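A short write-up of the structure that comes next.
Following this line, the structure appears as structure tokens:
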């Protein structure tokens with residue numbers, strides 16, 4: 014198919030041309046969305062001690078603030094994915110960014126714990142919808158030959174935003190108080206809205222599938238390849254639009270098994286990520302290491318996650334993405350087990366935690382890219398969002414599981430052996446998914 018044909022498949026057009034500034038700028042804007050998402054998601058953990066001190070709260074009384082945020086993230090993923098498949102990726106992304114920006118800003122003026130809990134839930138709703146829809150839009154502007162690398166690099170904005178959120182909160186709280194952190198978490202996304210309105214394009218795949226605005230499709234593709242002759246061209250996509258509730262299409266015969274396997278993988282991986290993120294400093298400190306040093310060791314988990322996402326993307330584009338993730342999650346089980354075997358040996362502990370970050374956190378970013386490639390355009394936002402929502406259920410369990418295991422008196426070797434089991438389950442699931450329906454199309458890249 015050439016660009017002078019009467020009909021033109023837009024994905025083939027993207028595949029046939031070099032990556033343009035129009036595509037790169039779309040990825041950068043999605044990067045900024047998930048970065049402010051990460052800032053807001055992480056900041057609450059760093060300002061919690063100041064909230065406790067100001068309001069005289071016990072840790073038990075403050076726990077619902079964290080639970081409300083996680084609940085909002087889960088609900089937002091379930092709600093906004095289907096809406097994006099119906100009303101468009103850009104439209105829903107802007108709604109989500111505005112939603113969590115306004116809710117975060119309002120949180121800064123909370124006058125009671127109950128008010129803060131409600132506003133953190135509302136903030137989570139927007140955050141939970143923004144992340145998977147950023148993955149979806151990035152995927153739909155990426156050429157297939159580099160889709161995983163581009164989507165996973167974009168998603169690194171979340172870990173960078175989370176890290177910056179922690180660094181900024183530590184300094185801001187001491188000088189201006191915890192409310193200023195929430196104000197910044199609200200102002201940043203609201204300031205980003207005008208940029209998104211003018212600079213973020215709607216998905217051309219979505220527009221063509223819905224038979225919307227062919228002239229807008231033409232103009233967008235012309236920015237990607239200015240030399241292409243797109244006069245008198247009818248744009249097409251390989252898939253057809255769906256009718257009815259979008260979630261039901263995730264269980265079409267060609268998608269059903271893959272959907273369930275993705276859900277299981279997201280659940281297991283996010284369970285481990287939140288367990289390690291929430292409890293690793295405490296678990297390491299319980300072996301005699303100072304809390305400061307334990308926190309520094311834990312930071313290697315985030316560093317490993319960022320580097321892992323960057324490194325795994327090209328591998329998933331070159332080889333079978335499901336098999337790459339299967340190997341990665343299997344190595345994650347080994348790395349988490351090694352954490353429990355490394356007490357007393359700081360060098361080995363740092364390497365084990367770093368390895369867990371590369372494989373567990375990096376693997377989860379890879380799972381997002383895989384989900385975006387697995388689903389057709391008509392149900393892509395729903396597929397990615399609902400996998401994320403199911404994974405959030407695992408994150409809630411993971412954030413509590415560390416406390417349960419410590420209360421049971423499990424030793425470090427046994428505890429981290431158990432933590433490795435979900436990683437192994439995710440690895441086995443990815444091995445079996447290589448033979449499922451549409452993933453054969455993804456693997457063919």
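In this note's numbering, the protein residues as written are 14 to 458. Cβ atoms here follow ideal geometry from the backbone N, Cα and C, with glycine treated the same way. Since this is a predicted model, take the numbers as computed values, not measurements.
Check, Outcome
"Closest by C-alpha distance to residue 409, when choosing among 335, 290, 306 and 63", "290"
"CA nearest to the CA of residue 171, picked from 434, 58, 28 and 144", "144"
"Exposed unless 16 or more other CB atoms sit within 10 angstroms - verdict on residue 334", "buried"
"Touch test, the stretch 239 to 255 against the stretch 362 to 370, Cβ-Cβ under 8 Å, three pairs minimum", "no"
"C-beta atoms of residue 43 and residue 147 nearer than 8 Å", "yes"
"Limits of the unbroken alpha helix (DSSP H) element including residue 209", "191 to 212"
"Continuous beta strand (DSSP E) assignments of at least 3 residues falling wholly in the stretch 16 to 93", "20 to 22"
"For residue 395, the residue or residues it bridges with in DSSP", "Per DSSP, none; premise fails for residue 395."
"Nearest-angstrom beta carbon gap, residue 100 and residue 139 [assumed within contact, 8 Å]", "Not a contact, Cβ separation roughly 16 Å."
"Classification of residue 103 by the beta-carbon crowding that lies within 10 angstroms, buried from 16 upward", "buried"
"Contained alpha helix (DSSP H) runs [length at least 4] in the stretch 218 to 295, N- to C-terminal order", "227 to 237"
"Cut-off 6 Å between Cβ atoms - residues of its own chain near residue 413, not counting five sequence neighbours on either side", "none"
"Pairwise C-alpha distance: residue 52 and residue 376", "21 Å"
"Cβ-based burial, residue 397 [other Cβ within 10 Å; buried from 16]", "buried"
"Alpha-carbon to alpha-carbon, residue 125 and residue 192", "13 Å"
"Residue 429 to residue 343 span [Cα, whole Å]", "14 Å"
"C-alpha distance - residue 17 paired with residue 216, whole-angstrom precision", "Confidence is the limiting factor: at residue 17 the pLDDT is only 47, short of 50, which leaves the residue's position unreliable and the question unanswerable from this model."
"Buried versus exposed, by CB contacts within 10 Å (16 or more), residue 242", "exposed"
"Under 8 Å between C-beta atoms of residue 444 and residue 339", "yes"
"Check whether residue 187 and residue 141 have beta carbons under 8 Å apart", "no"
"Top-ranked residue by Cα proximity to residue 35, from 405, 108, 79 and 153", "153"
"Residue of 56, 27, 62 and 86 minimising C-alpha distance to residue 283", "86"
"Chain C within 8 Å of residue 200, Cβ atoms only", "Absent from the structure: chain C. Only one protein chain is present."
"N- and C-terminal bounds of the alpha helix (DSSP H) containing residue 120", "102 to 120"
"Short Cβ contact (8 Å threshold) for residue 294 with residue 311", "yes"
"Run of the alpha helix (DSSP H) containing residue 338, from where it starts to where it stops", "334 to 354"
"Entirely enclosed beta strand (DSSP E) segments - the stretch 416 to 449, minimum 3 residues", "none"
"Whole-number beta carbon distance between residue 392 and residue 50, since they are thought to touch under 8 Å", "23 Å between Cβ atoms; not a contact."
"Backbone CA spacing between residue 441 and residue 411 [nearest angstrom]", "20 Å"
"For residue 250 and residue 8, the rounded distance between their alpha carbons", "Nothing can be reported for residue 8, as the shown portion of the chain is limited to 14 through 458."
"Cβ-Cβ distance between residue 150 and residue 39 below 8 Å", "yes"
"Candidates 176, 209 and 355: closest to residue 59 by CA position", "176"
"Buried or exposed by the 16-neighbour rule on C-beta atoms within 10 Å, applied to residue 358", "exposed"
"Distance, residue 212 Cα to residue 418 Cα", "48 Å"
"With 16 other Cβ atoms within 10 Å as the buried cut-off, status of residue 73", "exposed"
"Minimum C-alpha distance to residue 93 - residue among 31, 190, 326 and 108", "108"
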